[in-house]
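Beneath this line is the structure, given in structure tokens, with notes to follow.
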Amino acid sequence: MAPSESSDVHEVDAHEANEADACEMDSPATHVSDMAMALRAPRRWPPSARAVAAALLCHSVGVVLVGAFCGARALSMPDGTGPVLHIAPERVALLVSGAGKLATVLARDPSERLRACVHWHRGQIVGPESIVASANGSLFALDRVGWLHRADPSADGAYKLAPAIAYVGPGRPLGAELDADRLRIADSLKGLTELELPSGRLAVLSNGAAYVNDLATDASGRVYFTSSTREPVELTRVPAGQKPFYDTMGAYLRTMARGDATGRLLRYNPETFQTDELLGGLWFANGVALAAGGEFALVVETLGLRVLRLWLTGPKAGAVESFAAALPGLPDGISRSADGETFWLAIIAPWTPLLKLLKFRMLRGLLARVLPVVLRFVKPIGLVLRLRASDGALVDVLADASGSHVSSVSAVTEAADGRLLLGQLMGDSLVVCPRVDEPAACRSESAEVA
Numbered sequence: 001m002a003p004s005e006s007s008d009v010h011e012v013d014a015h016e017a018n019e020a021d022a023c024e025m026d027s028p029a030t031h032v033s034d035m036a037m038a039l040r041a042p043r044r045w046p047p048s049a050r051a052v053a054a055a056l057l058c059h060s061v062g063v064v065l066v067g068a069f070c071g072a073r074a075l076s077m078p079d080g081t082g083p084v085l086h087i088a089p090e091r092v093a094l095l096v097s098g099a100g101k102l103a104t105v106l107a108r109d110p111s112e113r114l115r116a117c118v119h120w121h122r123g124q125i126v127g128p129e130s131i132v133a134s135a136n137g138s139l140f141a142l143d144r145v146g147w148l149h150r151a152d153p154s155a156d157g158a159y160k161l162a163p164a165i166a167y168v169g170p171g172r173p174l175g176a177e178l179d180a181d182r183l184r185i186a187d188s189l190k191g192l193t194e195l196e197l198p199s200g201r202l203a204v205l206s207n208g209a210a211y212v213n214d215l216a217t218d219a220s221g222r223v224y225f226t227s228s229t230r231e232p233v234e235l236t237r238v239p240a241g242q243k244p245f246y247d248t249m250g251a252y253l254r255t256m257a258r259g260d261a262t263g264r265l266l267r268y269n270p271e272t273f274q275t276d277e278l279l280g281g282l283w284f285a286n287g288v289a290l291a292a293g294g295e296f297a298l299v300v301e302t303l304g305l306r307v308l309r310l311w312l313t314g315p316k317a318g319a320v321e322s323f324a325a326a327l328p329g330l331p332d333g334i335s336r337s338a339d340g341e342t343f344w345l346a347i348i349a350p351w352t353p354l355l356k357l358l359k360f361r362m363l364r365g366l367l368a369r370v371l372p373v374v375l376r377f378v379k380p381i382g383l384v385l386r387l388r389a390s391d392g393a394l395v396d397v398l399a400d401a402s403g404s405h406v407s408s409v410s411a412v413t414e415a416a417d418g419r420l421l422l423g424q425l426m427g428d429s430l431v432v433c434p435r436v437d438e439p440a441a442c443r444s445e446s447a448e449v450a
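Quick note on this note's numbering: the sequence shown kicks off at 1 and runs consecutively.
This is the structure we're talking about:
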């Protein structure tokens, strides 16, 4: 009898096959053997089932690997400089403290007085973080590549721009202060420097700190200055035909994304040539100013949305307290008014819900890769606050709510004649505003911006 063609037939050797051919039907022993071999044979799934199982397995492994890879990347900085850090709950509270404050603050300047400011020599001075004035009314501004410009007042109230008078680069000058014929400069690359205007000689006073941002000098000649972060500034790549410059925004964004509170307030002593740290642990230290009598220093903590007061003399010497908090935006430069009774505070950008996302560590790691693009959608604004020296109370507001005329103010300096000089890190002109007299109706008893 021919062998069966059913799928249950198993292969046997030639001798067994001949014996099977001689039999008319299989014996019981043969059935038992076939069953045992069937049980020992590996079970084979249909091709379709095997394909589905393989796909599911690959998908699961892929999800695990991609998740682990992305998670690891999200918890590290994109430039490979280290991990994204945890932010303490108290810092998270500071980030959200400015929510809902802006509209109330803007309402205090319904006439939007920043729109009365005048732009001089637009397009000729790019990136003047600060503008200072001499006793005779001349304006001095440093552009983003390090050239010092002077604009002299004319009889008709205009300013005549002279050719660049000195070069203080390479570097990125930020804060500046004029002291007779010496211009002290906070250079984010080189450190604390000083330029002799008559000779053009540039000296480096202190270079041990990264990202030096702003400065203020006391009556004895000691210079208080800020180191915003340990993140270094980097030379930008620009299109052909443009001058490269050291970009401070990139270091700021990395500090924000990393959660790195390494900002400091420092003091340089010209008699000993020593630099001492007075305050540390600031999340992007920025502007600095001194009380008229030198009894305290104010330092801006940009990502804390606040201004801190460090007492230098008296029974509170060494104590740190809040001077102004829950600000409606990101504070930048601060300076004392001409009468010493108030301080001018520049708000470079409004508070945005994006700040709420910074409490999530992994999300900050992802944002670090796209922050420059995301920030393009943040609405610009022009905003300057006037704070009372005694308690930090908000006494006046100067605004351009749309930011269409003046925006992204980085520093405010009150000239001897009372006019305000506005620095703009992203601007390209000398901005001069009319004299501002403090209206009594704007006085407040609250030390917190309401």
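In this text, a Cβ means the ideal position worked out from N, Cα and C, and glycines have one as well.
Rounded straight-line distance, which links the Cα of residue j to that of residue i
i    : j    : result
L106 : A219 : 36 Å
D458 : A346 : Because the chain here runs from 1 to 450, residue 458 falls outside it and cannot be looked at.
A324 : V96  : 15 Å
L425 : E129 : 4 Å
V412 : V204 : 25 Å
G294 : R376 : 40 Å
A240 : V145 : 16 Å
E234 : C117 : 33 Å
S227 : L278 : 11 Å
S154 : A389 : 34 Å
D143 : L202 : 16 Å
A99  : A93  : 11 Å
G318 : D437 : 34 Å
G418 : A133 : 11 Å
A103 : V299 : 25 Å
L398 : L282 : 27 Å
R306 : T236 : 30 Å
A176 : T81  : 31 Å
Contacts around residue i, its chain only, beta-carbon distance under 6 Å, and the 5 residues preceding and following it disregarded
i    : result
R150 : S138, F140, A162, I165
A216 : Y224, V288, A289, L290
S206 : G191, L192, Y268, T275
L174 : E129, A186, S188, N213
A338 : E414
A2   : Low confidence applies to A2: its pLDDT is 40, below 50, so where it sits in the model is not reliable, and the reading given next is rough at best. Correct list: empty, nothing qualifies.
G423 : P128, E129, S130, I131, S410, A411
E231 : A251, R254, T255
Among the options, the one whose alpha carbon lies nearest that of residue i
i    : options                : result
V378 : A389, G365, S402, R388 : S402
A180 : V370, L197, K243, V168 : L197
D211 : E194, G171, E177, G241 : Looking at the sequence provided, one finds Tyr at residue 211 rather than Asp. Considering only alpha carbons, the answer is G171.
G169 : N213, E321, Y246, G418 : Y246
A394 : W147, L202, V132, A326 : The sequence given here places Leu at residue 394; Ala does not occur at that position. The shortest C-alpha separation from L394 is found at A326.
F360 : H86, D391, L421, R309  : H86
I334 : K243, L308, G98, K316  : L308
D260 : Q242, R91, S111        : R91
P270 : L195, W344, G221       : G221
D396 : R386, G318, S404       : R386
Assigned exposure category for residue i - 16 Cβ within 10 Å defines buried
i    : result
N136 : exposed
D187 : buried
P350 : buried
K160 : exposed
P89  : exposed
R184 : buried
R435 : exposed
T302 : buried
D276 : exposed
P315 : exposed
L430 : buried
V432 : buried
K243 : exposed
P331 : buried
T272 : exposed
G200 : exposed
Cβ neighbours of residue i in the same chain (closer than 8 Å, five flanking residues each side left out)
i    : result
M77  : P83, V84, R254, A257, R258, G365, A368
V467 : Residue 467 lies beyond the residue range present for the chain, which begins at 1 and ends at 450; the question has no answer from this structure.
Sheet register partners of residue i (DSSP bridge)
i    : result
V204 : T193
G281 : BP columns for G281 are empty, so no partner.
S335 : W344
R388 : T342
I131 : A141
P269 : Inspection of the sequence shows that residue 269 is occupied by Asn rather than by Pro. DSSP lists Q274 as partners of N269.
T248 : None; T248 has no bridge partner.
E177 : R184
W483 : What the structure shows of the chain is the stretch from 1 to 450, and residue 483 is not part of that stretch, so it cannot be assessed.
A166 : L148
A324 : V307
Nonlocal neighbours in the same chain, by C-beta distance under 7 Å from residue i, ignoring five residues either side
i    : result
S407 : P380, I381, G382, D400
V126 : D143, R144, D428
G280 : R264
V238 : P244
Short CB-CB distance (under 9 Å) between residue i and chain C
i    : result
L142 : Considering every chain present, this structure includes no chain C. It has just one protein chain.
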